[in-house]
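A.B. asks: Have a look at the structure that comes next, please.
Residue numbers (this note's numbering): 147 to 666.
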């Protein structure tokens, strides 16, 4: 395979390799430096907060190491040498992507260390710049440790009961959203809380491991795909990781992006016959966010019994460990209280509780349920909650069928990667509360994998470019400071919904093109 395999080199370091090395070291170095600083401040003397100097220092260190350690650059693939001369336009594009990635990583890592620093993605509205979903994970553990029998109850969370103020003993944490995940997921936040109850340290640690892990899986998939398609995927990866949607996930301390990358890592592991590792990764992703479970349908249709068996086995293991650590109460509450509320959509009743942000919540919801609600707001008759619920159920059933169809249309490695991302993207929309500021992530990753298909098809290239603009800039989902009038905003959001469903549905249904089997 000629893909992205690393080949040590003893002869110098080209400017192309140095540029790639600097980008990798600068982005990951900034994240690592902030993590180390947070730990030092927590376990050592209370040093003054110096977020931006840390960021700048990490960039300087990355530049110094890149120039003084040519052996590191020699580990990068040899096909990079001379690529700036042979493909100047491509090199210029990567230079812009690298610059964007470095700037955005500097901004988000600085903000995670010092939340008081100025922060915005597309808007300065505090609904997007101050909100943190991840506090729910740690507050749920806190509730459990206090002896609460029902950690899911709406009265524990201001997001579903604005008349209450959640009391937390964790320093620097403000509780907002409700905890919505299965009990097994709590093993992860409980592990972090075993090390510290200082939420600012938890926040930067969560971000650091999340960022580096996600970047690693992006490169893992590109390496596995290989060939020209893999190179394009590797080159465009920083653009997705530095996108407004990704930055939103990082800022929210969300698990969504991690669940996606864990699932992709699991599928690659299965392809490499590393079924034990793949089963562990996929099982935890499913127990965390549920929607990765749609990949089980694909594996079942392919008759991949070993991956299925190991995923089931680790699901049982994680469940038994959670039962031993947490007891039966969270499981009982999840089954008897939370699941019925999720089915009735009362678990996502943010619009009713916070009517002053009703418009923002409706326009940002990219689920089929949310689309029906949006059509009702646009004046279409008959768009009731029952219709929305039915449409969401129909979407879910259709997705099961699409996963079965996809199992018969797999081909090259790049084709498999496209199918995985398409199923994941559609599955993430099946929740009645699929917020658009992060739901576009698998679609953008998918677009990176589709560049090879568009390279010789101008019409396809135009169509994918339109998708990219909508997904990247979250048109109709996040305001550019303020939203346009409701009619325009709802229309843009509806177009975003249709593009997402259309793109990923097309990827699944189209027949493999033997001419694009570039990952041999």
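Heads up, the beta-carbon is just placed ideally off N, CA and C, and yes, glycines get one too.
#1: So, does the segment 566 to 585 touch the segment 402 to 411, judging by three or more C-beta pairs under 8 Å?
#2: Anyone know if the C-beta pair for residue 565 and residue 575 falls short of 9 Å?
#3: Could you tell me the distance, in whole angstroms, from the CA atom of residue 594 to the CA atom of residue 334?
#4: In angstroms with no decimal places, state the Cα-to-Cα distance between residue 327 and residue 297.
#5: Which residue wins for smallest C-alpha separation from residue 221, given the options 317, 166, 271 and 381?
#6: Where residue 430 and residue 459 are concerned, what is the direct C-alpha to C-alpha distance, given to the nearest angstrom?
#7: When you compare each of 535, 620, 259 and 599 to residue 582 by their alpha carbons, which one comes out closest?
#8: Using only alpha-carbon positions, find the residue among 454, 651, 468 and 563 that is nearest to residue 363.
#9: Who are the Cβ neighbours of residue 646 in its own chain at under 6 Å, not counting the five residues just before and after it?
#10: When DSSP builds the beta bridges, which residues end up paired with residue 317?
#11: Using 8 Å as the Cβ pair cut-off and three pairs as the minimum, do the segment 305 to 316 and the segment 496 to 513 touch?
#12: Excluding sequence positions up to five away, which residues of its chain have a Cβ less than 7 Å from the Cβ of residue 414?
#13: In the DSSP output, which residue or residues are listed as bridge partners for residue 581?
#14: Would you kindly work out how many angstroms separate the C-alpha atoms of residue 97 and residue 598, rounded to a whole number?
#15: Helix, strand or coil: which one does DSSP assign to residue 626?
#16: By alpha-carbon positions, which one of 197, 272, 550 and 633 ends up nearest to residue 447?
#17: From residue 289 to residue 239, what does the alpha carbon distance come to, in whole angstroms?
#18: Using only the alpha-carbon positions, how far apart do residue 640 and residue 616 sit?
#19: Might you give, ordered along the chain, the residues of its own chain that have their beta carbon closer than 6 Å to the beta carbon of residue 510, omitting 5 neighbours on each side?
#20: State the DSSP-derived secondary structure class of residue 311, mapped to helix, strand or coil.
#21: Residue range of the alpha helix (DSSP H) that residue 553 falls in?
#22: Name the two residues that bound the continuous alpha helix (DSSP H) containing residue 291.
C.D. replies: Short version:
#1: yes
#2: no
#3: The straight-line gap from Cα to Cα measures roughly 30 Å.
#4: Cα to Cα, the separation comes out at about 11 Å.
#5: Cα-wise, what sits closest to residue 221 is 166.
#6: C-alpha separation (whole angstroms): 11 Å.
#7: 620
#8: 563
#9: Contacts found: 589.
#10: DSSP, once it has assigned bridges, lists 344 as partnering residue 317.
#11: When Cβ pairs closer than 8 Å are counted between the two stretches, the segment 305 to 316 is seen to touch the segment 496 to 513, the count reaching three or more.
#12: 366, 367 and 370
#13: 511
#14: Nothing can be reported for residue 97: it is not among the residues displayed for the chain, which extend from 147 to 666.
#15: strand
#16: Comparing Cα positions, the closest option is 550.
#17: Distance from the CA atom of residue 289 to the CA atom of residue 239, rounded to whole angstroms, is 49 Å.
#18: 11 Å
#19: 581, 582 and 623
#20: coil
#21: Per DSSP, residue 553 belongs to no alpha helix (DSSP H) and is neither H nor E.
#22: Residues 281 to 292.
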